[in-house]
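>
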Amino acid sequence: MQRMPNAIQLTDLTRDDLVELYAYPVEPSAPYVRVNFVTSIDGAVSVDGRSGALGTPADRQVFALLRDLADVVLVGAGTVRAENYGAAHTDPELRKRLHREGLGGDPDGTPPRIAVVTGSAALDPASKLFTDTGARPIILTTTAAPGDRKKRLVDAGAEVIESDANESTVTAVHTALDGLGLRRVLCEGGPSLFGQFLTAGAVDELCLTVSPQLVGGTAGRIAVSPKALPTPMNPCHLLLDTDGTILTRWERAHTRG
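And the structure:
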């Protein structure tokens, strides 16, 4: 069992240090799925239905960096609606530099695309996701979704990719993103989508922020799945901010053969 690394003070780190700590594998040959969540100390994933109230300056700093490093931000339709998702806004100069160094990014500094998983294509084409200035959103849906809904999303500027309704969500997402060359995947939830990836054994990494709050209430957990098996993870780092925020990064443990 790997021991937890010693805690590092976030204030001791430069942005270059953080880039090194959170960098994806160099040139992944298949989609590498990193999941990012924030919870309260008592495990709540939201306050009044939204995760924003759990955010801290440190969490927002790392949240932005993770988007800078990603090729695509993957999210479920329920989270898009609850959090009023728009385009991903990132640091163009950092994105250019990351590309020059072979760490992802984009040669023109273009931000990562938002890819939304929705079996029914039930999204509002007038919502911020489609009206916000940014990279063209990707809608990952099925052939069974109503055609008129898909057409409205295409007309709103989305790239709609369909999979067979009988194909597993995880397989369909992997195939679609791999086909687009988007292999540095940042999954921002929600819990149901995270649960599906856990069930499929397709979570490569978890970045988890613990917000220094107790919230009680009835909020759910970061992953929901009745079928997922325990997934052993190895700790990579633990960062502490002065306000008590804890930032952790975990990689999936691979059995030695």
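In this text, residue positions in the sequence shown follow numbering that gives the first Met the number 0: the first is 0, and each later residue adds one.
Each residue gets a CB set at the ideal place from its N, CA and C atoms; glycine is no exception.
Select from M3, V159, T55 and G51 the residue whose C-alpha is nearest the C-alpha of T241.
T55
> Going straight from the alpha carbon of G256 to that of L228, what length do you get?
With a pLDDT of 32 at G256, under the threshold of 50, the modelled position of this residue cannot be trusted; read the value that follows with caution. Using only the alpha carbons, I get a separation of about 20 Å.
> Report the three-state DSSP secondary structure of Q8 (helix, strand or coil).
strand
> Would you say the stretch 50 to 66 touches the stretch 165 to 174, given that touching needs at least three Cβ pairs under 8 Å?
The stretch 50 to 66 vs the stretch 165 to 174: no contact.
> Ignore the nearest five residues each way along the sequence and tell me which others in G42's own chain have a CB closer than 7 Å to its CB.
R220
> To which residues of the same chain is A6 closer than 6 Å at the C-beta, ignoring the five residues directly before and after it?
L237 and L239
> Taking the continuous alpha helix (DSSP H) assigned at Y21, which residues delimit it?
First-last of the alpha helix (DSSP H) with Y21: R14 to Y21.
> Please report how far the alpha carbon of T254 lies from the alpha carbon of D154, in whole angstroms.
Below a pLDDT of 50, predicted positions are generally treated as unreliable, and T254, at 46, falls in that range; the measurement from the model is reported next regardless. Whole-angstrom Cα-Cα distance: 47 Å.
> Cβ atoms of P234 and I40: under 9 Å apart, would you say?
Contact: no.
> Could you tell me if Q195 is buried or exposed, where buried requires 16 or more neighbouring beta carbons within 10 angstroms of its beta carbon?
buried
> Based on Cα-Cα distance, which residue from E26, T38, D16 and G108 lies nearest to L205?
T38
> Which of the three DSSP states, helix, strand or coil, is assigned to H253?
DSSP, reduced to helix, strand and coil, places H253 outside both helices and strands of the structure shown, so it counts as coil.
> Can you give me the C-alpha to C-alpha distance between G156 and K150, rounded to a whole angstrom?
Rounded to the nearest angstrom, the two C-alpha atoms are 10 Å apart.
> Along the chain, where does the beta strand (DSSP E) that runs through H236 open and close?
Counting along the chain, H236 sits inside the beta strand (DSSP E) bounded by residues M232 to L239.
> Are at least three pairs of beta-carbons, each pair with one atom in the stretch 20 to 40 and one in the stretch 185 to 200, less than 8 Å apart?
yes
> Measuring CA to CA, which of T132, G200, L139 and T142 is closest to T89?
T132
> Please name the residue or residues paired with L205 in a DSSP beta bridge.
V34 and W249
> Do you know offhand how far V25's Cα is from A57's?
26 Å
> Among the residues of its own chain, which have a CB less than 6 Å from the CB of L73, if the five just before and after it don't count?
A114, V184 and C186
> Below 8 Å on the Cβ atoms is my contact criterion, and I expect S224 with T198 to pass it. Report the Cβ-Cβ distance as a whole number of Å.
5 Å
> Extract the residue ranges of the beta strand (DSSP E) inside the stretch 87 to 135, only unbroken runs of 3 or more that lie entirely within it.
Runs found: 112 to 116.
> Starting from the C-beta of A171, find all residues in its chain whose C-beta is less than 7 Å away, skip the five residues before and the five after it, and write them out in chain order.
L139 and S162
> How is S224 classed by DSSP in three states: helix, strand or coil?
In the structure shown, S224 falls within a coil segment according to DSSP collapsed to helix, strand and coil.
> Thinking just about the alpha-carbon of each residue, which of P106, L128 and L179 is nearest to the one in G71?
Per the sequence shown, the amino acid found at residue 71 is Val instead of Gly. Among P106, L128 and L179, the Cα nearest to that of V71 is on L179.
> So, helix, strand or coil for S45, using DSSP?
Of the three classes helix, strand and coil, the one that applies to S45 here is coil, per DSSP.
> Measure the alpha-carbon distance for D67 versus L93 and round it to whole angstroms.
When the Cα atoms are used, D67 and L93 turn out to be separated by approximately 7 Å.
> How about S126 and P145: do their beta carbons lie closer than 9 Å?
Going by C-beta atoms, S126 is not nearer than 9 Å to P145.
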